[in-house]
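Student: Just so we're on the same page, the numbering used here is the position in the sequence shown counted from 1, plus 5.
The C-beta atom is built at its ideal place from N, Cα and C for all residues, glycine as well.
Bear in mind the structure is a predicted one, so any value in this text is a computation, not a measurement.
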Amino acid sequence: MKKIKALLIDDEPLACDLVQEYLQDYGEVEIVGRCHDGFEGLKAINEHQPDLVFLDVQMPKISGFEMLELLDEPPAVIFATAFDEYAIKAFEQNAVDYLLKPFSKERFDKALQKFLVRQGALPENVKKVVEEAVQTTDQNRVVIKDGAKIRIIPVKDIIRLEADDDYVKIFTAQGNFMKKKTLTHFEKTLTQDIFVRVHRSHLLNISHILRIDPYEKNSHVALLKDNTRVPVSRSGYQVLKGVLNL
6 MKKIKALLID DEPLACDLVQ EYLQDYGEVE IVGRCHDGFE GLKAINEHQP
56 DLVFLDVQMP KISGFEMLEL LDEPPAVIFA TAFDEYAIKA FEQNAVDYLL
106 KPFSKERFDK ALQKFLVRQG ALPENVKKVV EEAVQTTDQN RVVIKDGAKI
156 RIIPVKDIIR LEADDDYVKI FTAQGNFMKK KTLTHFEKTL TQDIFVRVHR
206 SHLLNISHIL RIDPYEKNSH VALLKDNTRV PVSRSGYQVL KGVLNL
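1. To which residues does DSSP link residue 192 through a beta bridge?
2. Straight-line CA distance for residue 33 to residue 76?
3. Look at the alpha carbon of residue 39 and the alpha carbon of residue 232, and state the distance between them as a whole number of angstroms.
4. From what residue to what residue does the alpha helix (DSSP H) around residue 78 run?
5. Go to residue 88, then tell me how far its alpha helix (DSSP H) extends in each direction, as first and last residue.
6. Within this structure, are the beta carbons of residue 44 and residue 155 separated by less than 9 Å?
7. Let me make sure I understand the geometry here. Which of 31, 51, 42, 8 has the alpha-carbon closest to that of residue 153?
8. Should residue 151 be labelled buried (16 or more other beta-carbon atoms within 10 Å of its own) or exposed?
9. If you draw a straight line from the alpha carbon of residue 20 to that of residue 216, how long is it in whole angstroms?
10. Thinking just about the alpha-carbon of each residue, which of 121, 234, 57 is nearest to the one in residue 167?
Quick look at the structure:
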């Protein structure tokens, strides 16, 4: 029978040791690697194409959720973390399972049995788990693919965001970058008293607004400090007035 390839991604070596020990009872599972941060994990997933990943949430450099966001087709995932504030029930409905450290061998066996039952199929919409979970994690940065590189953009550096088909264009002083997300995603996850949806296609960092000028009919236009002019819809103007206390 074909071996099930498993990858362990956790910044704590002892945590990897424990999973590796528990897996000794499963001859059908082969551990293809151990990684200690999200960047290593991303490289190992692309290299080994594992069937199952045991994944920590909070790790150096990028989190487990951010790492999964960078994958076009995430593998099956069993989350393993010491933190209980990541919508556990939602994870258990969508991921294979969610193990809260320290977990027993019995609890581990139950999680792996869930995967073995589902063998040959992905967990129910891992991408949805990531999109929901990232809203409860670090909201101070955006992780993107920039060619062959991975770039971390601090949210404070974002001037504005603009919808572009299935992507969002992120404008910063260092350049412009594309992220395969919706503008609504960023509207929900970014701090709403700093980033305002001024138009169906535009989200602005209000600290970069120089002034707001009337435009035709009931619309307006925002002039930014970099001289960019961004349309402001009637509803967007009402929101801006509230946020800016106009």
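Tutor: By the coordinates alone:
1. Its beta-bridge partners do not exist; DSSP assigns none.
2. 26 Å
3. 49 Å
4. Careful: residue 78 lies outside any alpha helix (DSSP H) and carries neither H nor E.
5. Where residue 88 is concerned, there is no enclosing alpha helix (DSSP H), given that its DSSP letter is neither H nor E.
6. yes
7. 51
8. Burial is judged here by how many other beta carbons sit within 10 angstroms of a residue's own beta carbon; residue 151 has fewer than 16 and is exposed.
9. 53 Å
10. Answer by Cα proximity: 234.
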